[in-house]
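Novice: Quick one: the structure is below, and I'll ask about it shortly.
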Amino acid sequence: MMNESLPPNDVSVDLINSQILGKPGLHTLQIRDGVVKAIATKPDPAAAVVDVGGDWISLGGIDLQINGGLGLAFPELTGENYQQLQGICEYLWDQGVDGFLPTIVTTTVEKFRRSLATLGEFQPDGKDGKHSAAEILGVHLEGPFLNVQKRGAHPQNCLLPPTTDNVKRVLGDYGKVVKVMTLAPELDPTGTVIPYLRSLGIIVSLGHSQANLTVADEAFNQGATMVTHAFNAMPPLHHREPGLLGAALCRSEVFCGAIADGHHVCPTMLEVLLRGSKGEIFVVSDALAPLGLADGVYPWDDRRIEVTGGVARLEDGTLAGTTLSLLRGAENLVRWGICSAAEAIALVTETPRRAIRLSTEIIGQPITRLLRWTEEQGCLRGQRLRIGSKIDNYLPSLNC
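The sequence shown begins at 86 in the working numbering and counts up by one.
Have a look at this one:
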């Protein structure tokens with residue numbers, strides 16, 4: 086029988102004609118008691134059936150670099166912001182994000198510690214229930230150990246040299262909260278900081294850096310496994326000096342993050358990144374506090390940023406970030422003709438999970454955590470799985 090109504094969270098249903106990442110062809114996704122139990126070739130004759138018409142079914146998105154939302158910047162967090170944090174987690178869930186790394190950009194040591202303490206104590210209310218919310222998977226510290234020449238929008242007066250003593254100062258008692266740290270490896274000639282961070286279980290990402298090929302290779306040998314917003318705040322690829330990015334592209338173990346808004350990186354160079362890397366690429370939003378708000382001028386530490394068309398800039402024109410949703414980055418890649426729908430979906434769902442060593446297995450996942458993606462005439466749209474709903478409820482139309 087065909088069932089086109091919206092099911093409850095404990096639904097048992099077979100989703101026929103589903104496309105699943107890594108599995109060519111059409112499949113039946115068997116949902117039992119609200120959980121994915123199996124991927125089959127045909128439905129159970131006794132099960133309710135919903136035909137998703139060849140749409141992609143995937144895990145929810147994972148955003149490894151997001152600086153705030155709904156007017157709240159993560160470096161400004163205090164214990165009084167729990168309600169706002171909950172609102173951000175619920176907003177991100179509605180936008181298709183299962184989990185994220187709140188990213189604290191360069192600030193004072195006091196604010197680093199205060200924000201880490203707040204995030205370490207906060208737990209979103211209701212991950213899969215009536216009040217669903219994205220999960221905080223740890224914290225990304227983007228700074229303060231950055232090269233002043235590639236600081237971008239980071240405040241120069243708060244930058245610090247990367248030493249183990251300074252790392253301890255910044256982390257305080259909250260090292261276990263930190264999942265990823267971005268740093269410039271050329272500022273640590275002793276080569277002690279990356280091994281120290283790895284000993285704490287912190288993933289090291291290279292960025293805001295002037296590192297040449299030799300320095301970058303040594304940093305990867307020491308245990309760095311990620312690159313922060315590839316192309317941005319680092320030397321460009323050059324045929325005689327490949328630099329940090331050239332070193333990263335030649336390593337299968339390195340994951341490169343990228344911003345797919347069409348402003349931070351030219352779409353052509355994003356295609357070069359995707360086609361030229363031995364490792365894996367993931368998309369980040371790099372969204373700032375105005376995420377979810379209208380374009381306009383907003384405070385940002387003791388400065389101001391202007392958001393126009395989802396792009397945030399300082400008053401001097403320096404790019405500061407975006408108000409781009411994570412899923413919109415994947416949709417852009419398909420609209421630009423850079424990659425297939427399957428590749429784009431993986432860049433916001435599976436690859437970021439692998440980058441921070443999370444499972445990409447869809448079996449066992451609650452139905453509430455799944456996304457449904459429709460592709461039509463070169464356009465891709467993703468949203469939370471709502472059986473019986475049409476994808477055009479997500480946006481007015483699929484016209485790019």
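Virtual Cβ for every residue (Gly too), placed ideally from N, Cα, C.
(1) Can you pull the DSSP bridge partners for Lys-108?
(2) Using only alpha-carbon positions, find the residue among Ile-430, His-349, Leu-355 that is nearest to Thr-407.
(3) Helix, strand or coil for Ile-472, going by three-state DSSP, please let me know.
(4) For the beta strand (DSSP E) containing Met-266, name the first residue and the last one.
(5) Quick check for students: name the residue ranges of the alpha helix (DSSP H) that lie wholly in the segment 278 to 302, counting only runs of 4 or more.
(6) Considering only the beta carbon of each residue, do Leu-329 and Ser-294 sit closer than 7 angstroms?
(7) Pick from Lys-261, Leu-272, Val-433, His-314: whose alpha carbon is nearest that of Ser-284?
(8) Under 6 angstroms Cβ to Cβ from Leu-162, same chain only, skipping five residues before and after it: list those, please.
(9) Is Ala-397 helix, strand or coil by DSSP?
(10) Along the chain, which unbroken stretches of the alpha helix (DSSP H) at least 4 residues long are found entirely within the segment 139 to 194?
(11) Which word fits Arg-388, buried or exposed, when buried means at least 16 other C-beta atoms lie within 10 angstroms of its C-beta?
(12) According to DSSP, simplified to helix, strand and coil, what is Lys-127?
(13) List, from N- to C-terminal side, the alpha helix (DSSP H) runs of 4 residues or more that fit wholly inside the segment 346 to 403.
(14) With Ile-423 and Glu-356 assumed to form a contact (beta carbons below 8 angstroms), what rounded beta-carbon distance in angstroms separates them?
(15) Any idea what DSSP makes of Val-59, helix, strand or coil?
(16) Going by alpha carbons, who is nearest to Gly-394 out of Asp-386, Pro-375, Leu-412, Trp-385?
(17) Would Gln-307 and Ile-288 qualify as a contact pair, given that the criterion is a beta-carbon distance under 7 angstroms?
(18) Going by other Cβ atoms of all chains shown within 10 Å of its Cβ, with 16 needed for buried, is Val-369 buried or exposed?
(19) Let's test the definition: count the other Cβ atoms within 10 Å of the Cβ of Ile-448 and tell me whether it reaches 16, buried, or not, exposed.
(20) Checking 7 angstroms against the spacing of the C-beta atoms, do Lys-196 and Ala-318 come in under that value?
(21) Could you name the residues of the same chain whose beta carbon sits closer than 8 angstroms to that of Arg-117, not counting the 5 residues immediately before and after it, in chain order?
(22) The alpha helix (DSSP H) with Glu-446 in it runs from where to where?
(23) Could you give the DSSP three-state label for Gly-463: helix, strand or coil?
(24) Across the segment 150 to 159 and the segment 121 to 131, are there enough close Cβ pairs to call them in contact, namely three or more that are closer than 8 angstroms?
(25) Which residue's Cα is closest to the Cα of Gln-169: Gly-153, Gln-180, Pro-240?
(26) Out of Ala-345, Gly-146, Arg-198, which has the shortest C-alpha to C-alpha gap to Asp-179?
(27) Roughly how many whole angstroms lie between the Cα atoms of Asp-213 and Ser-444?
(28) Just verifying my parser: in three-state terms, what is the DSSP assignment at Phe-230?
(29) Does the beta-carbon of Met-87 have 16 or more other beta-carbons within 10 angstroms, so that it is buried, or is it exposed?
(30) Compute the Euclidean distance between the alpha carbons of Ile-189 and Thr-313, then round it to the nearest angstrom.
(31) So, helix, strand or coil for Asn-478, using DSSP?
(32) Short of 6 angstroms in beta carbon distance, which residues of its chain neighbour Ile-101, apart from the five on each side in sequence? Order them along the chain.
Specialist: Well, looking at it:
(1) Residue mapping note: residue 108 aligns to position 23 of the sequence shown, counting from 1. For Lys-108, which the question treats as bridged, DSSP gives the partners Ile-105.
(2) By 1-based counting over the sequence shown, the position of residue 407 is 322. Of the listed residues, the one whose Cα sits closest to Thr-407 is His-349.
(3) What you label residue 472 is simply residue 387 of the sequence shown in a count that begins at 1. Coil.
(4) Walking along the sequence shown from the start, residue 266 turns up at place 181. Run containing Met-266: 263 to 268, per the beta strand (DSSP E) assignment.
(5) 278 to 284
(6) The residue given as residue 329 occupies position 244 in the sequence shown. The residue given as residue 294 occupies position 209 in the sequence shown. In this structure, Ser-294 lies closer than 7 angstroms to Leu-329 by Cβ.
(7) Along the sequence shown, one-based indexing puts residue 284 at 199. Per the Cα distances, Lys-261.
(8) By 1-based counting over the sequence shown, the position of residue 162 is 77. The residues are Ser-200, Thr-203.
(9) The residue given as residue 397 occupies position 312 in the sequence shown. Reduced to three states, the DSSP call for Ala-397 is strand.
(10) 167 to 179
(11) Sequence index remark: in the sequence shown, residue 388 carries index 303 (1-based). Looking at its Cβ environment, which holds fewer than 16 other Cβ atoms inside 10 Å, Arg-388 is exposed.
(12) If you number the sequence shown from 1, residue 127 lands on position 42. In this structure, Lys-127 counts as coil in the three-state DSSP scheme.
(13) 352 to 361
(14) Working through the sequence shown from its first residue, we reach residue 423 at position 338. Working through the sequence shown from its first residue, we reach residue 356 at position 271. With 8 angstroms as the limit, Ile-423 and Glu-356 qualify as a contact, their Cβ atoms being about 5 angstroms apart.
(15) Any answer about residue 59 is impossible in this case: the structure gives the chain only from 86 up to 485.
(16) Counted from its first residue, the sequence shown places residue 394 at position 309. Per the Cα distances, Pro-375.
(17) Indexing the sequence shown from 1 puts residue 307 at position 222. Indexing the sequence shown from 1 puts residue 288 at position 203. The answer is no: Cβ separation not under 7 angstroms.
(18) On the sequence shown, position 284 is the one that residue 369 refers to. Val-369 comes out buried.
(19) The sequence position of residue 448 within the sequence shown is 363, counting from 1. With fewer than 16 Cβ atoms within 10 Å of its Cβ, Ile-448 is classed as exposed.
(20) Sequence index remark: in the sequence shown, residue 196 carries index 111 (1-based). Sequence index remark: in the sequence shown, residue 318 carries index 233 (1-based). Result no, Cβ atoms of Lys-196 and Ala-318 do not sit closer than 7 angstroms.
(21) Taking the first residue of the sequence shown as 1, we reach residue 117 at position 32. Answer for Arg-117: Ser-97, listed in chain order.
(22) Taking the sequence shown and counting its residues from 1, one reaches residue 446 at position 361. Here Glu-446 belongs to no alpha helix (DSSP H), and DSSP marks it neither H nor E.
(23) Indexing the sequence shown from 1 puts residue 463 at position 378. Coil.
(24) no
(25) If you number the sequence shown from 1, residue 169 lands on position 84. The residue with the shortest Cα to Cα distance from Gln-169 is Gly-153.
(26) As a first step, residue 179 must be located in the sequence shown, where it is residue number 94. Of the candidates Ala-345, Gly-146, Arg-198, the one whose C-alpha sits nearest the C-alpha of Asp-179 is Gly-146.
(27) Numbered from its first residue, the sequence shown carries residue 213 at position 128. Numbered from its first residue, the sequence shown carries residue 444 at position 359. Summary for Asp-213: the model assigns pLDDT 46, below 50, so the residue's position carries little reliability, and this model does not support an answer.
(28) Residue numbering aside, residue 230 sits at position 145 when the sequence shown is read from its first letter. Looking at Phe-230 - three-state DSSP - the assignment turns out to be coil, as it is neither helix nor strand.
(29) One-based indexing of the sequence shown puts residue 87 at position 2. Model confidence at Met-87 stands at a pLDDT of 39, short of 50, so the residue's coordinates are unreliable and nothing is read from them.
(30) Counting from 1 along the sequence shown, the entry for residue 189 is found at position 104. Counting from 1 along the sequence shown, the entry for residue 313 is found at position 228. The straight-line gap from Cα to Cα measures roughly 13 angstroms.
(31) Your numbering for residue 478 matches position 393 in the sequence shown. Confidence is the limiting factor: at Asn-478 the pLDDT is only 41, short of 50, which leaves the residue's position unreliable, though a coordinate-based value still follows. In the structure shown, Asn-478 sits in a helix (DSSP, three-state: H, G or I).
(32) Locating residue 101 in the sequence shown gives position 16, counting from the first residue. Contacts found: Thr-113, Pro-128, Val-134, Asp-136.
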